[in-house]
Each structure stands twice: as C-alpha cells, then as structure tokens.
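**Q** Number 469 marks the last residue of the sequence shown (the numbering used here); no jumps.
Note that beta-carbon positions come from the ideal geometry of N, C-alpha and C, so glycine has one too.
Every value quoted in this text rests on a predicted model; they were computed, and no experiment measured them.
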Amino acid sequence: MEPITIRQPDDWHLHLRDDAVMTAVLPWTARTFARAIVMPNLRTPVTTVEQARSYRARILGALPADMRFEPLMTLYLTGATSAEEIVRARESGFVHGVKLYPARATTNSQFGVRSIADCTAALETMQRADLPLLVHGEVARPDADVFDRERIFLDEVLIPLRRDFPALRVVLEHITTREAVEYVREAPGRIAATITAHHLAYNRNAMFVGADGSAGMRPHYYCLPVLKREDHRRALVAAAVSGNPRFFLGTDSAPHPRRDKESACGCAGCFTAPFALPLYATVFEQAGALDRLEAFSSEFGPDFYGLPRNPGTVRLVRGTPDEIPPVMAGDQEFSALGRDVCRWRMTTAV
Ligand code: DOR
Ligand code: ZN
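1) According to DSSP, simplified to helix, strand and coil, what is Asp283?
2) Comparing C-alpha positions only, which one of Tyr195, Ala286, Glu203 sits nearest to His255?
3) Would you grab the beta carbon distance between Phe453 and Val144 for me? Rounded to a whole angstrom, and I think it's under 8 Å.
4) Leu456 and Thr391 look like a contact to me (Cβ under 8 Å); what is the Cβ gap, rounded to whole Å?
5) Could you name the residues that DSSP lists as bridge partners for Glu452?
6) Return the first residue and the last residue of the beta strand (DSSP E) that Ala312 is part of.
7) Ile205: buried (16+ other C-beta within 10 angstroms of its C-beta) or exposed?
8) Quick check: the Cα distance between Gly425 and Ala325, rounded to an integer number of angstroms?
9) For Asp130 and Ala171, which I take to be in contact (beta-carbon distance under 8 Å), what is that distance rounded to the nearest angstrom?
10) Tell me, to the nearest whole angstrom, how far the beta carbon of Leu280 is from that of Ile310; I am working on the premise that it is less than 8 Å.
11) At a cut-off of 7 Å, is Asp130 close to the ligand ZN when judged by its beta-carbon and the heavy atoms of the ligand?
12) Among Val265, Glu257, Thr295, which has the Cα closest to the Cα of Ile278?
13) To which residues of the same chain is Val232 closer than 8 Å at the C-beta, ignoring the five residues directly before and after it?
14) When burial is assigned at 16 or more other CB atoms within 10 Å of the CB, is Asp371 buried or exposed?
15) Inspect the beta-carbon positions of Arg437 and Arg462 and report whether they are closer than 8 Å.
16) Taking the alpha helix (DSSP H) that Pro146 belongs to, which residues open and close that run?
17) Looking at Ala316: is its Cβ nearer than 8 Å to the Cβ of Val356?
18) Just verifying my parser: in three-state terms, what is the DSSP assignment at Lys218?
19) In the DSSP assignment, the alpha helix (DSSP H) including Met245 goes from what residue to what residue?
20) Return yes when at least one heavy atom of the ligand ZN lies under 7 Å from the C-beta of Asp371, else no.
21) Verify the contact flag: Thr225, CB atom, against every heavy atom of the ligand DOR, threshold strictly below 7 Å.
22) Can you list, in chain order, the residues of its chain with a C-beta nearer than 7 Å to that of Thr166? Leave out the 5 residues immediately preceding and following it.
23) Would the beta-carbon of Leu516 fall within 8 Å of that of Asn322?
24) By the 10 Å Cβ neighbour count, where 16 or more other Cβ atoms means buried, how is Ser333 classified, buried or exposed?
25) Between the Cα of Thr163 and those of Glu210, Leu368, Thr226, Leu409, spot the shortest distance and give me the residue it belongs to.
26) So for Asp130, helix, strand or coil by DSSP?
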C-alpha cells in the first residue's frame with residue numbers, strides 16, 4: 120500500500136486545557152494539525168476577548184520551539200455576553216467563533232446558556248458580523264434520555280434558533296446521530312458539522328466491553344455526546360466520506376487525568392489527539408474512500424471558516440502507530456485512545 124500524502128489538516132474542535140496539562144497535550148496536536156479551533160471551556164471559561172488573547176499567548180508560549188501551530192480562539196457564550204464583546208471578537212482577528220454550551224450539558228458548562236432568549240443581542244450581532252456560532256447540540260434536561268439529547272436539541276433548540284437567525288453561520292459540533300447528519304445535509308443556510316474520529320470508529324458497545332471481548336466498562340470511551348448505536352455510526356461515516364463540504368474534521372480531543380476518568384464518577388471526554396489522523400484514515404479506508412480524506416481533513420474546514428487552506432503536507436504510512444510515551448502533567452497521566460484500531464501511522468517521529 121502506498122503512503123498517503125495529504126494537505127496538512129486542521130482540527131476544527133479541540134480542548135487544550137491550560138497550564139501543565141496544555142504543555143503536555145499540545146505537541147500531540149501540533150505534530151499533525153496546523154491550526155485548531157480551541158474550545159473555551161476552561162475552569163474559568165474564556166468569555167472575553169481579553170481572556171482569549173491571554174489564553175492564545177499561553178498556548179503559543181507552551182509550544183515547543185521547533186513546532187508551528189496556530190490556535191484559533193473561541194469565546195464561551197453566556198447570558199451576559201454583550202453585543203460589544205462580539206464586535207470586539209470580530210475585530211480581534213484571532214477569535215473565530217462563539218461556543219454555545221447549554222448549561223450543565225457537559226464538562227465546565229455550568230456557566231453556559233440557560234435560555235437562548237438571554238443571548239438575543241449577542242446572536243444578532245454575530246449574525247451581522249458573520250462570526251460563527253459553534254454549538255454543543257444536546258439538551259441537558261434530566262428527563263431527556265442521555266442517548267436522545269442530541270436529537271431533542273435539534274427540534275427544541277437548533278431549528279427554532281436558526282429560524283430566528285437565518286443568516287447566522289453555525290457549526291453543529293461533534294455530531295453523533297443519523298438525525299443530525301440528515302439535518303445538516305438538508306437544512307437551509309450556512310451550516311456545517313464536525314465529526315470526531317472516535318464517533319466514526321466506535322459505537323456505544325466500545326464503552327461496555329472488556330479486553331477479551333466479554334463484560335467490562337471502559338471509561339476512556341465515555342464522552343459527550345455519548346457514543347451511539349451502530350446505525351448512527353454508519354450514518355456518520357457515510358456523511359464524512361460523502362464529499363459534502365458541510366462535514367469536516369473536528370477531533371474533540373478532550374484530555375482528563377486517568378484518575379478522573381477511572382473513578383466512581385468519571386469525566387466525559389476522549390483524548391484522541393495522538394492517534395486522530397491515523398484513526399480518520401483507517402475509517403476512510405474501511406469505507407473505500409481514502410481519496411476523500413484530504414477534503415474532509417484539510418479543505419472543507421478552512422473553506423467554511425473563510426481561512427486559507429494550509430500550504431504544507433503530512434504523510435501517513437500503513438501500520439500500527441508506535442506506542443507513545445506516557446503523557447504526563449506532574450503526576451497526572453493522560454491515556455490516549457485509538458491506537459489499537461489504527462491501520463495507518465504518521466511518519467512524523469514521536
Ligand atoms: O466529552 C466531552 N468532553 N464533551 C464535551 O462537550 C466537553 C469535553 C471536555 O471538555 O472534556
Ligand atoms: Zn468538545
């Protein structure tokens with residue numbers, strides 16, 4: 120099998136965290152991706168342009184001297200986000216989107232949006248300034264089954280929101296269901312969706328299987344939106360390989376310390392950055408669509424965000440990726456997911 124050379128990709132949805140954790144995980148993204156949309160859900164969320172400016176400087180400061188990487192910053196939308204802050208974000212040149220977390224939907228979302236009505240001024244200004252809204256598409260109502268939360272969100276929140284702001288550019292992040300695929304494919308206006316490597320590679324059984332194929336519970340496969348049934352996974356693969364520019368790469372790589380994942384109340388998030396591109400390549404090959412990998416990974420994202428495509432290239436060769444050294448921040452370890460199923464590896468040295 121010939122090596123694959125593709126235009127260098129970007130990650131249109133990434134959690135880098137902060138401080139020592141960021142220093143530990145950032146090189147695993149930067150060795151593959153030229154740029155990433157950096158999520159603002161830090162413990163103190165990034166709600167202002169000044170906070171985003173300072174977070175961006177910390178990211179660049181944590182980057183090893185021999186690596187290049189451009190963080191594309193986002194703001195965390197709250198009921199208090201003002202129209203003025205949106206204007207400042209648009210004018211900053213480094214804020215590329217505003218993230219909607221429904222309150223309590225996921226990690227560090229407690230400061231998120233309780234009612235869309237609280238965000239009218241911000242959304243109107245985003246629509247006018249053409250600053251994209253990035254959406255965590257799940258309702259957080261306790262009576263809504265965790266496997267149905269994305270589907271319910273489409274009907275109860277996203278469709279009405281887009282009716283009210285028809286010119287707003289929207290990215291529905293990390294889609295996990297056939298219903299989301301169908302919605303993004305058919306909906307009017309400017310909408311796209313990111314798809315993670317883990318939602319393409321695994322269905323929900325992956326969370327409930329032991330090493331020998333029998334019983335077990337594997338918290339490293341727990342993320343939000345949670346992995347879904349096989350028919351949903353297949354719909355995601357079909358969308359990713361379809362060549363439709365509304366679907367593009369976003370890993371949602373979300374590191375949590377191993378001890379927080381493997382606890383009585385494990386954190387949501389899959390740390391996939393070290394193996395993300397090999398995982399996507401494996402899925403595309405299994406779907407007979409390796410020739411579509413480049414557009415999904417490296418073209419549709421920048422086109423949607425109105426940014427240039429990267430000039431460089433990356434290479435993948437057949438084979439299982441090398442095991443990576445432990446990813447450590449102090450005494451905390453971060454376990455990366457996906458190596459075992461990869462059939463491709465980066466040629467970049469670890
Ligand atoms: O699984 C997830 N982890 N989903 C999210 O939406 C957030 C993320 C995180 O920050 O850990
Ligand atoms: Zn995320």
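**A** On the basis of the supplied data:
1) Taking the sequence shown and counting its residues from 1, one reaches residue 283 at position 164. In the structure shown, Asp283 sits in a helix (DSSP, three-state: H, G or I).
2) The sequence position of residue 255 within the sequence shown is 136, counting from 1. Nearest of Tyr195, Ala286, Glu203 to His255, Cα basis: Tyr195.
3) Start at 1 with the first residue of the sequence shown, and residue 453 comes out as number 334. Start at 1 with the first residue of the sequence shown, and residue 144 comes out as number 25. Contact flag correct, Cβ pair sits at about 7 Å.
4) Numbered from 1 along the sequence shown, position 337 holds the residue referred to as residue 456. Numbered from 1 along the sequence shown, position 272 holds the residue referred to as residue 391. Leu456 to Thr391, Cβ: 5 Å. Contact.
5) Taking the sequence shown and counting its residues from 1, the one referred to as residue 452 is at position 333. Answer by DSSP bridge pairing, in chain order: Met447.
6) As a position in the sequence shown, residue 312 is number 193, starting the count at 1. 310-314 is the extent of the beta strand (DSSP E) around Ala312.
7) Working through the sequence shown from its first residue, we reach residue 205 at position 86. Buried is the call here.
8) Here the question's residue 425 lines up with position 306 in the sequence shown. Here the question's residue 325 lines up with position 206 in the sequence shown. Whole-angstrom Cα-Cα distance: 36 Å.
9) Translated into the one-based positions of the sequence shown, residue 130 becomes position 11. Translated into the one-based positions of the sequence shown, residue 171 becomes position 52. Incorrect: roughly 17 Å between the Cβ atoms, too far for contact.
10) What you label residue 280 is simply residue 161 of the sequence shown in a count that begins at 1. What you label residue 310 is simply residue 191 of the sequence shown in a count that begins at 1. At roughly 11 Å, the Cβ-Cβ gap does not stay under 8 Å, so Leu280 and Ile310 are not in contact.
11) Start at 1 with the first residue of the sequence shown, and residue 130 comes out as number 11. Flag unset: Cβ of Asp130 not near the ligand ZN.
12) In the sequence shown, the residue the question calls residue 278 occupies position 159. Nearest option by C-alpha distance: Glu257.
13) Position 113 of the sequence shown, counted from the start, is the residue given in the question as residue 232. Excluding sequence neighbours, Val232 sits near Leu196, Thr197, Gly198, Leu219, Tyr220, Pro221, Ala222, Cys238.
14) For the purposes of this step, residue 371 is taken as residue 252 along the sequence shown, with counting starting at 1. Result: buried.
15) For the purposes of this step, residue 437 is taken as the residue at position 318 of the sequence shown. For the purposes of this step, residue 462 is taken as the residue at position 343 of the sequence shown. The answer is yes: Cβ separation under 8 Å.
16) Your numbering for residue 146 matches position 27 in the sequence shown. It spans 138-149 - the alpha helix (DSSP H) in which Pro146 sits, taken as one unbroken run.
17) Residue 316 sits at position 197 when you count from the first residue of the sequence shown. Residue 356 sits at position 237 when you count from the first residue of the sequence shown. Their beta carbons are not under 8 Å apart, which means Ala316 does not touch Val356 by this criterion.
18) As a first step, residue 218 must be located in the sequence shown, where it is residue number 99. If DSSP states are grouped into helix, strand and coil, Lys218 belongs with the strands.
19) Residue numbering aside, residue 245 sits at position 126 when the sequence shown is read from its first letter. That run of the alpha helix (DSSP H) goes 239-248.
20) Taking the sequence shown and counting its residues from 1, the one referred to as residue 371 is at position 252. Within the cutoff, so yes.
21) Counting from one through the sequence shown, the residue named residue 225 turns up at place 106. For the ligand DOR, at least one heavy atom lies less than 7 Å from the Cβ of Thr225.
22) By 1-based counting over the sequence shown, the position of residue 166 is 47. Result list for Thr166: Leu194, Tyr195, Thr197, Thr200, in chain order.
23) In the structure displayed, the chain extends from 120 to 469; residue 516 sits before or after that span and is not available.
24) As a working note, residue 333 is residue 214 in the sequence shown. Exposed is the call here.
25) Residue 163 sits at position 44 when you count from the first residue of the sequence shown. The option with the nearest alpha carbon to Thr163 is Thr226.
26) For the purposes of this step, residue 130 is identified with residue 11 of the sequence shown, where counting begins at 1. It is a strand residue.
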